[in-house]
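Engineer: Using this note's numbering, the letters of the sequence shown map in sequence onto residues 1 to 405.
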Amino acid sequence: MTHRPTRTTTPAHGTRSARRTSPAPAGPPRASSAWRAGDDPGRRQFVDVGPLRLEGGGRLPAVRMAYETWGTLAPDASNAVLVLHALTGDSHVTGDAGPGHPTPGWWSTLIGPGAAIDTDRWFVVAPNVLGGCQGSTGPSSDAPDGRPWGSRFPQLTVRDQVAAELRVADALGVDTWALVVGASMGGQRALEWAVTAPERVARLAAIATSAQTSGDQIASFHTQLTALAADPRYRGGDYYDAPDGEGPHVGLGLARQIAHQTYRSAVELDQRFGRIPQGGEEPLAGGRFAVQSYLDHHGDKLARRFDANTYAALTRSMITHDLGRDRGGVEAALATITADTLVIAVDSDRLFLPAQSARVADGVPGARPLRTLRTPYGHDGFLIEHDQLAPWVREHLATPPHGER
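(1) What residue range is occupied by the uninterrupted beta strand (DSSP E) comprising GLY95?
(2) Buried or exposed: GLY366, going by 16 or more other Cβ atoms within 10 Å of its Cβ?
(3) In this structure, how does DSSP classify ILE207 when only helix, strand and coil are distinguished?
(4) At the level of alpha carbons, what is the spacing between ALA205 and PRO232?
(5) Alpha carbon to alpha carbon, how far is ILE117 from ILE111? Give it in angstroms, no decimals.
(6) Can you list, in chain order, the residues of its chain with a C-beta nearer than 6 Å to that of GLY182? Leave out the 5 residues immediately preceding and following it.
(7) Between ARG359, ASP307, GLU68, ALA211, which has its C-alpha nearest ALA80's C-alpha?
(8) Would you report the Cα separation of ARG200 and THR315, rounded to the nearest angstrom?
(9) Is it the case that the Cβ atoms of VAL162 and ALA333 are separated by a distance below 7 Å?
(10) Mapping the DSSP letters down to three states, classify ILE117 as helix, strand or coil.
(11) Could you tell me whether the stretch 252–260 touches the stretch 358–377, using the rule of 3 or more Cβ pairs below 8 Å?
(12) Is it right to say PRO391 is buried, meaning 16 or more other beta carbons lie within 10 angstroms of its own, or is it exposed?
(13) So which of GLU55, ASP39, SER32, ILE207 has the shortest CA-CA distance to ARG325?
(14) For ARG394, which residues from the same chain have a beta carbon less than 7 Å from its beta carbon, with the 5 sequence-adjacent residues on both sides left out?
(15) Can you name the start and end residues of the alpha helix (DSSP H) that TYR263 belongs to?
(16) What is the residue span of the alpha helix (DSSP H) that GLU192 lies within?
(17) How close, in whole Å, do the beta carbons of VAL343 and LEU302 come, if the pair is a contact with beta carbons under 8 Å?
(18) Checking the sheet assignment: what are the DSSP bridge partners for TRP177?
(19) Does DSSP classify HIS396 as helix, strand or coil?
(20) Helix, strand or coil for ASP142 per DSSP?
(21) Mapping DSSP to helix, strand and coil, what is ASP296?
(22) Among ASP296, PRO354, GLU281, which one has its Cα closest to the Cα of GLN261?
(23) To which residues of the same chain is SER317 closer than 6 Å at the C-beta, ignoring the five residues directly before and after it?
(24) Going by DSSP, what residues sit across from ARG233 in a beta bridge?
(25) How about the stretch 43–54 and the stretch 167–174: do they share at least three Cβ pairs that are nearer than 8 Å?
(26) Per DSSP, what kind of secondary structure is PHE46 in: helix, strand or coil?
(27) Based on the DSSP output, what are the partners of GLU55 in its beta bridges?
(28) Which one of LEU179, PRO99, ALA312 has the shortest CA to CA distance from ALA339?
(29) What residues are listed by DSSP as bridge partners for PRO277?
(30) In angstroms, rounded to a whole number, what distance separates the CA positions of ARG53 and ASN309?
(31) Since I believe SER140 is in contact with PRO148 (beta carbons under 8 Å), could you give me their beta-carbon distance rounded to a whole number of angstroms?
(32) Give a yes or no on contact between the stretch 270–286 and the stretch 56–63, applying the rule of three or more CB pairs nearer than 8 Å.
(33) Under a Cβ-count criterion, where at least 16 other Cβ atoms within 10 Å of its own Cβ denotes burial, should PRO104 be classed as buried or exposed?
(34) For GLN134, is the classification buried or exposed, using 16 other Cβ atoms within 10 angstroms of its Cβ as the cut-off for buried?
(35) What's the gap between the Cα of SER357 and the Cα of PRO400?
(36) Give the DSSP-derived three-state secondary structure of SER22 in the structure shown.
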């Protein structure tokens, strides 16, 4: 079955920028900052990929995927690169802010003309993940009855998300990706791509990620979900008709604050903030320390550009992530990967520990030696340390993959 991509005149709100952000808008945030039909699409394109049966037994009767592209696809489709975003990212991985994209691309240091993934040479595709809130079918999308899915949205797994992305590749006419690259949650999908469809992945780059969610990660994710659900304005997930300022912003912001502590290292937070009070505030009189203000800021910023149900749906997909499920275990699954594989760890990462990256590098046949990014910034180092990351990715793309040497 062939699915034709379509360009619509519908739009979007808020994309993630890792390093440069627009000023936070004044006034109360909307109940949800999800992209909705009728908004400016910006660079987004859309493809309807049909119904999708889900690993957990549910079903989505109709799936639409949003994606962006850069560069030109070669006549033989040999130059296609798939870029997979992290939890609160989206399809706008590179480029300036503009209509439909209030913030610049979150990986513009890595992708673009002349960059490590050179869009003058490579055709780059970045989908918004299934379950997302920036154009792809997710909890904020309309169900068949015309109302947002909300609490009725089914459980998704990483395999479900890759199943939808496979259909995007089919629609674009890409049989084999020259590279599938992702970090964090995007790295989990990249690994799943390489196991689900090994013949369609020539090169793989898995950055600051894991083949299986650990007990520690599940504990952190559970705490975030509990904080979100405890907000009375979450209303079990059915809050889309709430007026501005009446959405589950406290719960979503608190979930983000919990998560953000795992995105940065203890050393960085202590060196950057320590026990410095925030501005003229006095902690002994009920004021905040600077690090408290920092977390409050990130919680508020996410509430103004994301959707609470999407945060919950994608977090649950990470909780259940297990590359070895029904495949004989993680090592057995990794052993089936045929892609030329580059694995990159972050030495100060306390979300996806370096040992989890080492497990992947050790388990994939013929994988390149594990690279370790040295940074005080923790997990977010993959968004920040361009000078280290870019040469590794550039070299990986420049070397013919297995079977072509």
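The beta carbon of each residue, even a glycine, is placed where N, CA and C say it ideally should be.
The model shown is predicted, which means the values in this text are computed figures rather than measured ones.
Structural biologist: Put simply:
(1) In this chain, GLY95 is not harboured by any beta strand (DSSP E), its DSSP state being neither H nor E.
(2) exposed
(3) strand
(4) For ALA205 and PRO232, the distance between alpha carbons rounds to 41 Å.
(5) ILE111 and ILE117 have their C-alpha atoms roughly 5 Å apart.
(6) LEU84, ARG189, ALA190
(7) GLU68
(8) 27 Å
(9) no
(10) strand
(11) no
(12) Looking at its Cβ environment, which holds fewer than 16 other Cβ atoms inside 10 Å, PRO391 is exposed.
(13) GLU55
(14) ALA116
(15) Looking at the DSSP string, the run of the alpha helix (DSSP H) that includes TYR263 is 249–263.
(16) 185–196
(17) Actually they do not touch by this definition, with Cβ atoms about 29 Å apart.
(18) VAL201
(19) helix
(20) Three-state DSSP puts ASP142 in a strand.
(21) In this structure, ASP296 counts as helix in the three-state DSSP scheme.
(22) ASP296
(23) Answer for SER317: LEU156, THR157, VAL158, listed in chain order.
(24) Looking at the DSSP output, ARG233 shares a beta bridge with no other residue.
(25) yes
(26) In the structure shown, PHE46 sits in a strand (DSSP, three-state: E or B).
(27) DSSP, once it has assigned bridges, lists no residue as partnering GLU55.
(28) LEU179
(29) PHE289
(30) 20 Å
(31) Correct: roughly 5 Å between the Cβ atoms.
(32) Taking a contact to require three or more Cβ pairs closer than 8 Å, the stretch 270–286 and the stretch 56–63 do not qualify as touching.
(33) buried
(34) Taking all protein chains in view, the Cβ of GLN134 is crowded by 16 or more other Cβ atoms within 10 Å, so the residue is classified as buried.
(35) Near 23 Å, if we compare the C-alpha coordinates of PRO400 and SER357.
(36) For SER22, the predicted model reports a pLDDT of 40, less than 50, meaning its position is unreliable; a value from the coordinates is still stated below. Reduced to three states, the DSSP call for SER22 is coil.
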